[in-house]
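Data block below; observations after.
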Amino acid sequence: MLKFSKEELDTLDKIISSRRDIRGNNFIDKEVSNKKLKIILESALKAPSVGYSQPWHFKIVKSDKQKNKIYKNFKKSYIKSFKKFEDRPLYKKLKLEGIKESSVNVAVFYKKSHKEVLGQTYMKRSGEYSVVCAIHNMWLTARALNIGIGWVSIIKPKKIRKVLNVSNEYKLIGYLCIGYTKNFLDEPELKKVGWDKEKNLQDCILK
Ligand SMILES: Cc1cc2nc3c(=O)[nH]c(=O)nc-3n(C[C@H](O)[C@H](O)[C@H](O)COP(=O)(O)O)c2cc1C
50 MLKFSKEELD
60 TLDKIISSRR
70 DIRGNNFIDK
80 EVSNKKLKII
90 LESALKAPSV
100 GYSQPWHFKI
110 VKSDKQKNKI
120 YKNFKKSYIK
130 SFKKFEDRPL
140 YKKLKLEGIK
150 ESSVNVAVFY
160 KKSHKEVLGQ
170 TYMKRSGEYS
180 VVCAIHNMWL
190 TARALNIGIG
200 WVSIIKPKKI
210 RKVLNVSNEY
220 KLIGYLCIGY
230 TKNFLDEPEL
240 KKVGWDKEKN
250 LQDCILK
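Okay, so the sequence shown: first residue is 50 according to the working numbering, each after it adds one.
Written as structure tokens, this is what we have:
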């Protein structure tokens, strides 16, 4: 049985703790090689999945034309959501994506299996949760390669599928902007700017 040392546990903690969501105010103009992108994507395939269904699918987006279209959709959705945050003027000042500034974007989709999936009979969304596990593997692996990832969810999945020519059998789970960054902040940016406070373990334990 493979056993890990205390040093390796410390390294894992360092990677987990220093992972950040990277946005356009931090990405730099340096290409992520296909070799590095493959390492990131292959880490996704090692994620746990309900009934070993491995329901993840990836669309790699490098063309400026597609990125521009996706960015336009983000902008529209972002402006539309101003109303929801009327009482939080800070919202309008936040940079919440890095679609054009990042080297490569990856849209991550879930596809429902045609056969019954072990473990998914009662918790129908377990397949989607599995795709989130895959995304998190990518996020941590990228961090270990000193590459940043930013997750963008202020977009309309239907529009994104259309731009990327992906059929409606595939459900968009995450839209990721991947690239080198000038900085990995020591704390979440939304914490630093005072959007929300950090919870501690006690806050999260149900009594
Ligand atoms: C499901 C999901 C969706 C997110 N969507 C966005 C987004 O649309 N724009 C953005 O700037 N950050 C987005 N984030 C990043 C979070 O804001 C970020 O993870 C959080 O503020 C904590 O910061 P950290 O990831 O740097 O530790 C998303 C994160 C998750 C997990």
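Ideal Cβ placement from N, Cα and C applies to all residues, glycine included.
Model, not experiment: these values are computed from the prediction.
Under 8 Å by Cβ, that's how I've got GLU146 and GLY73 pegged, so tell me the actual separation to the nearest angstrom. Working through the sequence shown from its first residue, we reach residue 146 at position 97. Working through the sequence shown from its first residue, we reach residue 73 at position 24. By a beta-carbon distance limit of 8 Å, GLU146 contacts GLY73. Their separation comes to about 6 Å.
Leaving out five residues before and five after PHE107 in sequence, what residues of the same chain have Cβ atoms less than 8 Å from its Cβ? Along the sequence shown, read from residue 1 onward, the residue named residue 107 stands at position 58. Cβ neighbours of PHE107 beyond the five flanking positions: LEU90, ALA93, VAL155, ALA156, VAL157, PHE158.
How would you call ILE254, buried or exposed, if buried means at least 16 neighbouring beta carbons within 10 angstroms? Stepping through the sequence shown from its first residue, residue 254 is reached at position 205. That one is exposed.
Could you check if ARG72 belongs to the surroundings of ligand 1, using beta carbon to heavy atom distance under 8 Å? Residue numbering aside, residue 72 sits at position 23 when the sequence shown is read from its first letter. Yes.
ILE227 to THR190, Cα distance in whole Å? The residue you call residue 227 lines up with position 178 of the sequence shown. The residue you call residue 190 lines up with position 141 of the sequence shown. Per the coordinates, the alpha-carbon of ILE227 lies some 12 Å from the alpha-carbon of THR190.
With 16 as the cutoff for other CB atoms within 10 Å, does THR60 come out buried or exposed? Locating residue 60 in the sequence shown gives position 11, where the first residue counts as 1. THR60 comes out exposed.
Cα-Cα, which of LYS85, LYS220, SER216 is closest to VAL180? By one-based count along the sequence shown, residue 180 stands at place 131. The candidate whose alpha carbon is nearest that of VAL180 is LYS220.
Looking only at its own chain, which residues have a Cβ that is under 6 Å from the Cβ of VAL201, when we skip the five neighbours before and after it? Position 152 of the sequence shown holds residue 201. Taken in chain order, the residues that qualify are GLU146, TYR224.
Excluding the five sequence neighbours on either side, which residues of its own chain have a C-beta within less than 7 Å of the C-beta of ARG287, listed in chain order? Not covered by the structure: residue 287. The range shown for the chain is 50 to 256.
Can you find a heavy atom of ligand 1 that lies under 8 Å from the Cβ of LEU90? For the purposes of this step, residue 90 is taken as the residue at position 41 of the sequence shown. No, since every heavy atom of ligand 1 falls outside the 8 Å radius drawn around the Cβ of LEU90.
Three-state secondary structure (DSSP) of PHE233: One-based indexing of the sequence shown puts residue 233 at position 184. Looking at PHE233 - three-state DSSP - the assignment turns out to be coil, as it is neither helix nor strand.
In terms of residue numbering, what span does the alpha helix (DSSP H) encompassing LYS164 cover? One-based indexing of the sequence shown puts residue 164 at position 115. Secondary structure note for LYS164: it is in no alpha helix (DSSP H), with a DSSP letter that is neither H nor E.
Does the contact criterion of 3 or more C-beta pairs under 8 Å hold for the stretch 201-212 versus the stretch 135-143? no
Burial state of TYR229, where buried means 16 or more other Cβ atoms lie within 10 Å: The residue labelled residue 229 in the question sits at position 180 within the sequence shown. Classification for TYR229: buried.
Mark GLY197 as exposed unless 16 or more other C-beta atoms lie within 10 angstroms of its C-beta, in which case mark it buried. Translated into positions along the sequence shown, residue 197 becomes position 148. So GLY197 counts as buried.
Can you find a C-beta in chain D that's less than 9 Å from the C-beta of ASN74? Of the chains in the structure shown, none is chain D; there is only one protein chain.
Check the DSSP bridge columns for HIS106 and list the partner residues they point to. To locate residue 106, count along the sequence shown from 1; it is residue 57. According to DSSP, HIS106 bridges with PHE158.
Among all the DSSP beta bridges, which residues are the ones paired with ASP70? Counted from its first residue, the sequence shown places residue 70 at position 21. BP columns for ASP70 point to ILE198.
Just to confirm my understanding: we take GLY168, look at its own chain, exclude 5 residues before and 5 after, and list those with CB closer than 8 Å. What are they? In the sequence shown, the residue the question calls residue 168 occupies position 119. Hits under 8 Å: VAL99, GLY100, SER175.
At a cut-off of 8 Å, would you count GLY228 as near ligand 1, judging by its Cβ distance to the nearest heavy atom? Here residue 228 refers to the residue found at position 179 when the sequence shown is read from its first residue. No, the beta carbon of GLY228 sits no closer than 8 Å to any heavy atom of ligand 1.
Tell me the rounded alpha-carbon separation between ASP70 and ASN214. Counting from 1 along the sequence shown, the entry for residue 70 is found at position 21. Counting from 1 along the sequence shown, the entry for residue 214 is found at position 165. Spanning the two alpha carbons is a distance of roughly 27 Å.
Quick one: does the C-beta of GLY223 sit closer than 8 Å to a heavy atom of ligand 1? Taking the first residue of the sequence shown as 1, we reach residue 223 at position 174. Because some heavy atom of ligand 1 lies under 8 Å away, the Cβ of GLY223 counts as near it: yes.
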